[in-house]
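Residue numbers (this note's numbering), protein chains in the order written: chain B, 1 to 134; chain P, 1001 to 1271. Glycine residues also receive a C-beta, built at the ideal position from the N, C-alpha and C atoms. Some notes on the structure that comes next.
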């Protein structure tokens, strides 16, 4: 019996440890809007990780709370720029907007539709020319 | 097992049946809405066997006036059917211009073989055939049905050639706002710092091809509409109709190339 109890306790502790470890990783992602590997890839070097996330904290209380506070998160705030990006975005008006080809595509589809009608008339004209009638 | 599967199978069969009916319904409605299928009586297959029984009877009873008259009436009737079919197609055409619709139907001073003129002449000829009392008289009148009207060799192809020419002109005209829009997009992309060399080259090619197509399409209706049955009989009409069809095929190829240019430009600018 005592061996079984010990085994159960050991399994429970192991499970708790795994849960805590998993939570620490997900909190990093939650606080940063992405995983630490995303940060590293933003930097262009997968091996580099932001210094703030190098040593993950183990605040069990904040991890188990329904809404972890920003203090419990090891990385920067969501609004902070990622590594390797500009600190401030381009001012409005300087970035070229996407070109909309919707109108051109619509006009082109009208051309397609008319071309089909022309094909029909040309086929009729060809058939009439090959008509053995009089 | 059977009790559990049967309802499932039943539902599946019902679902498949409903889907099939929907599919059949959609297909039949498409064909029913297509006037060229429902009412186009100008196709060769439906017409040139139309009077076979009457001509077989003439062969079986060579001296019978009534039998020969019936064959003549049949030949005229099937031309009426063809002219009615052409009139329907022209009236419902979305590509023919209003002027060309009038020219084809009533002719005016442009088309000597309008549907109205053809029908009037054939009506008069039918009255003459119906009044004939001799085999010789009937043979003379029946022999006029084809060469004096040339419904199948001239009127039918003329109608379709003019419609194809008007349709091609309509396609060409539709390229004008398209080319304008594409030029605007190219200018916008250029202002944004994009390399538009390829897109501009494609647009220049598009405009050139549409211009060439216009040169081919423009004269067609004017050359074809004045053709008369006498022009066919003299051998003048056939090469004109052939050249017209050839021009329209070339124009179509050019317009298809221009369409490809436009599509390429859209891809280039949209990427």
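Proximal residues of chain P, C-beta to C-beta of residue i below 8 Å
| i | result |
| --- | --- |
| residue 105 of chain B | 1266 |
Chain-ordered chain B contacts of residue i [CB-CB under 9 Å]
| i | result |
| --- | --- |
| residue 1247 of chain P | Here the premise fails: no neighbours, minimum Cβ distance about 11 Å. |
| residue 1216 of chain P | Here the premise fails: no neighbours, minimum Cβ distance about 13 Å. |
Chain B within 8 Å of residue i, Cβ atoms only
| i | result |
| --- | --- |
| residue 1174 of chain P | yes |
| residue 1178 of chain P | yes |
| residue 1157 of chain P | yes |
| residue 1269 of chain P | yes |
| residue 1181 of chain P | yes |
| residue 1263 of chain P | yes |
| residue 1139 of chain P | no |
| residue 1189 of chain P | yes |
| residue 1161 of chain P | yes |
| residue 1164 of chain P | yes |
| residue 1203 of chain P | no |
| residue 1206 of chain P | no |
| residue 1241 of chain P | yes |
| residue 1153 of chain P | yes |
| residue 1043 of chain P | Only weak support exists for where residue 1043 of chain P lies, its pLDDT of 45 falling under 50; the coordinates are left without a value. |
| residue 1014 of chain P | Per-residue confidence for residue 1014 of chain P stands at a pLDDT of 35, beneath the threshold of 50, marking its modelled position as unreliable; the derived number appears in the next sentence. Taking Cβ atoms only, chain B never reaches closer than 8 Å to residue 1014 of chain P, which makes this a no. |
| residue 1037 of chain P | Residue placement at residue 1037 of chain P is poorly supported in this model, since its pLDDT is 30, which falls under 50; the coordinates are not used for a value here. |
Span separating the alpha-carbon of residue i from that of residue j
| i | j | result |
| --- | --- | --- |
| residue 1044 of chain P | residue 128 of chain B | Residue placement at residue 1044 of chain P is flagged as unreliable, the pLDDT there being 42, under the threshold of 50; a coordinate-derived value is accordingly withheld. |
| residue 1259 of chain P | residue 108 of chain B | 7 Å |
| residue 1117 of chain P | residue 1251 of chain P | 31 Å |
| residue 1127 of chain P | residue 1073 of chain P | 9 Å |
| residue 1242 of chain P | residue 1050 of chain P | 27 Å |
| residue 1245 of chain P | residue 1235 of chain P | 17 Å |
| residue 1267 of chain P | residue 119 of chain B | 25 Å |
| residue 1208 of chain P | residue 1086 of chain P | 35 Å |
| residue 1177 of chain P | residue 105 of chain B | 12 Å |
| residue 1119 of chain P | residue 1255 of chain P | 37 Å |
| residue 1269 of chain P | residue 130 of chain B | 44 Å |
| residue 1156 of chain P | residue 1215 of chain P | 24 Å |
| residue 1196 of chain P | residue 1093 of chain P | 40 Å |
| residue 133 of chain B | residue 1152 of chain P | 6 Å |
| residue 1212 of chain P | residue 1108 of chain P | 31 Å |
| residue 1274 of chain P | residue 1063 of chain P | Nothing can be reported for residue 1274 of chain P: it is not among the residues displayed for chain P, which extend from 1001 to 1271. |
| residue 1060 of chain P | residue 1134 of chain P | 18 Å |
| residue 1232 of chain P | residue 1262 of chain P | 41 Å |
| residue 1230 of chain P | residue 1148 of chain P | 7 Å |
| residue 1091 of chain P | residue 1114 of chain P | 14 Å |
| residue 100 of chain B | residue 1188 of chain P | 10 Å |
| residue 1228 of chain P | residue 1240 of chain P | 12 Å |
| residue 1154 of chain P | residue 1199 of chain P | 44 Å |
| residue 122 of chain B | residue 103 of chain B | 29 Å |
| residue 1130 of chain P | residue 1169 of chain P | 45 Å |
| residue 125 of chain B | residue 1106 of chain P | 20 Å |
| residue 1264 of chain P | residue 1249 of chain P | 23 Å |
| residue 1136 of chain P | residue 1110 of chain P | 36 Å |
| residue 1088 of chain P | residue 1095 of chain P | 14 Å |
| residue 1179 of chain P | residue 1054 of chain P | 57 Å |
| residue 1237 of chain P | residue 1226 of chain P | 10 Å |
| residue 1084 of chain P | residue 98 of chain B | 54 Å |
| residue 1112 of chain P | residue 1257 of chain P | 36 Å |
Amino acids of chain B, ordered along the chain, whose beta-carbon sits closer than 8 Å to that of residue i
| i | result |
| --- | --- |
| residue 1094 of chain P | 117 |
| residue 1287 of chain P | It is not possible to answer for residue 1287 of chain P, since the shown part of chain P is limited to 1001 through 1271. |
| residue 1259 of chain P | 108, 111, 112 and 115 |
Integer-rounded CB distance, given that residue j should sit under 8 Å from residue i
| i | j | result |
| --- | --- | --- |
| residue 1052 of chain P | residue 1125 of chain P | Not quite, the Cβ-Cβ distance comes to about 21 Å (not below 8 Å), so this is no contact. |
| residue 1065 of chain P | residue 1138 of chain P | 6 Å |
| residue 1082 of chain P | residue 1166 of chain P | Not confirmed; about 21 Å, so no contact. |
| residue 1122 of chain P | residue 1150 of chain P | At roughly 11 Å, the Cβ-Cβ gap does not stay under 8 Å, so residue 1122 of chain P and residue 1150 of chain P are not in contact. |
Partner residues on chain B for residue i, Cβ-Cβ distance less than 7 Å
| i | result |
| --- | --- |
| residue 1252 of chain P | 118 and 122 |
| residue 1168 of chain P | 118 |
| residue 1081 of chain P | Within 7 Å Cβ-Cβ: nothing; residue 1081 of chain P doesn't reach chain B, min ~13 Å. |
| residue 1185 of chain P | 99, 101 and 104 |
| residue 1146 of chain P | 134 |
| residue 1171 of chain P | 111, 114, 115 and 118 |
| residue 1255 of chain P | 115 |
Stretch-stretch touch, CB-based, cutoff 8 Å, three pairs: the segment 1171-1191 of chain P with the segment 1199-1214 of chain P: yes
For the 8 Å Cβ check, are there 3 or more pairs between the segment 1153-1161 of chain P and the segment 103-115 of chain B? no
Could you check whether the segment 1139-1156 of chain P touches the segment 1167-1176 of chain P, counting it as contact only if at least three pairs of C-beta atoms, one from each stretch, sit closer than 8 Å? no
Segment contact flag, the segment 1068-1084 of chain P with the segment 1098-1111 of chain P, C-beta cutoff 8 Å, min 3 pairs: no
Is the segment 1187-1201 of chain P touching the segment 1220-1234 of chain P in the sense that three or more CB pairs, one from each, lie closer than 8 Å? no
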